[in-house]
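Report on the structure given below.
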Amino acid sequence: MLTLERLRADHADALLAFERENREYFARTVPDRGDAYFADFTARHTALLAEQDAGICHFHVVLDDSGQLVGRVNLLDVEDGCAELGYRIGERAAGKGVATAAVAEMCRVAGTTYALTSLIARTTLDNLASRAVLERNAFTAVEDITIGDQPGIRYRRSPLGG
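Heads up: the sequence shown at position 143 corresponds to 143 in UniProt numbering, and the numbers run straight through without jumps.
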């Protein structure tokens, strides 16, 4: 079983450790965050909490049944009942259904807690695992896009809820 927790100040140490531990793993499929992300982590974490307090974004950590941080799932740029879904699951939890379950729970929370009516998500064409997670969670491909210099797909899910 997994739990989503809304991002808090006291998550900072565990989140930084998670990002450091998985940096190389994530860089295989998404652009690396760069050294500045890690050097300025405390200020960045504080800024994210301020965005969350302002209602612009909703950030969450994903905890496994032992309380270990295994991922994050976020709702970005909340506006007019819609937000962009973003998520990343650490290497140790990959391939175990964690991403699918975390996205499912985030879709439920987006509808019930944040009163959103739709979500968008995007991924590169070659990120088959991410595409599968979105499709398992009733996201529909709506547009071919470019992400950086790679071909990608934009997805949408509407309505939200259970």
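Quick reminder that beta carbons are idealized off the backbone N, C-alpha and C, glycines included. Predicted model only: the values in this text are computed from it and were never measured.
> Rounded to a whole number of angstroms, what is the C-alpha to C-alpha distance between A54 and A9?
Replying inline: Numbered from its first residue, the sequence shown carries residue 54 at position 54. Numbered from its first residue, the sequence shown carries residue 9 at position 9. Distance between the alpha carbons of A54 and A9 is about 15 Å.
> Does the segment 29-42 touch the segment 74-86, meaning 3 or more C-beta pairs lie closer than 8 Å?
Replying inline: Three or more beta-carbon pairs separated by less than 8 Å are not found between the segment 74-86 and the segment 29-42, which leaves the two stretches without contact.
>> What does the alpha-carbon distance come out to for the pair S118 and V61?
In response: Taking the sequence shown and counting its residues from 1, the one referred to as residue 118 is at position 118. Taking the sequence shown and counting its residues from 1, the one referred to as residue 61 is at position 61. In a straight line, the C-alpha of S118 is about 21 Å away from that of V61.
>> Taking only three categories from DSSP, how would you classify C57?
In response: As a working mapping, residue 57 is identified with position 57 in the sequence shown. It is coil, neither helix nor strand.
>> Quick check on DSSP: helix, strand or coil for S118?
In response: Counting from one through the sequence shown, the residue named residue 118 turns up at place 118. Three-state DSSP puts S118 in a strand.
>> Please classify G90 as buried or exposed, where buried requires at least 16 other C-beta atoms within 10 Å of its C-beta.
In response: For the purposes of this step, residue 90 is identified with residue 90 of the sequence shown, where counting begins at 1. Burial call: buried.
> Taking the DSSP output, what are the residues bridged to C107?
Replying inline: The residue labelled residue 107 in the question sits at position 107 within the sequence shown. Per DSSP, none; premise fails for C107.
>> From the DSSP secondary-structure annotation, give me the bridge partner or partners of E84.
In response: For this step, residue 84 is matched to residue 84 along the sequence shown. Answer is L76 and I120.
>> Rounded to the nearest angstrom, what separates V103 and T123 at their Cα positions?
In response: Numbered from its first residue, the sequence shown carries residue 103 at position 103. Numbered from its first residue, the sequence shown carries residue 123 at position 123. Near 14 Å, if we compare the C-alpha coordinates of T123 and V103.
> Which partner residues of E5 appear in the DSSP bridge assignment?
Replying inline: Within the sequence shown, residue 5 is the residue found at index 5, counting from 1. V61, per the DSSP bridge assignment.
>> Within a Cβ cutoff of 7 Å, which residues of the same chain sit near V73, ignoring the five residues on either side of it in sequence?
In response: Position 73 of the sequence shown, counted from the first residue, corresponds to residue 73. L4, H60, V62, Y87, A102, V103 and M106.
>> Just verifying my parser: in three-state terms, what is the DSSP assignment at L69?
In response: For the purposes of this step, residue 69 is identified with residue 69 of the sequence shown, where counting begins at 1. Three-state DSSP puts L69 in a strand.
> Do R156 and A121 have their CB atoms nearer than 9 Å?
Replying inline: Sequence index remark: in the sequence shown, residue 156 carries index 156 (1-based). Sequence index remark: in the sequence shown, residue 121 carries index 121 (1-based). Cβ distance < 9 Å, so R156 and A121 count as in contact.
>> On the criterion of 16 or more Cβ atoms from any shown chain inside 10 Å, does V70 qualify as buried, or is it exposed?
In response: Walking along the sequence shown from the start, residue 70 turns up at place 70. By the 10 Å Cβ count, V70 comes out buried.
> What are the boundary residues of the alpha helix (DSSP H) that includes R136?
Replying inline: Numbered from its first residue, the sequence shown carries residue 136 at position 136. Unbroken alpha helix (DSSP H) run through R136: L128 to R136.
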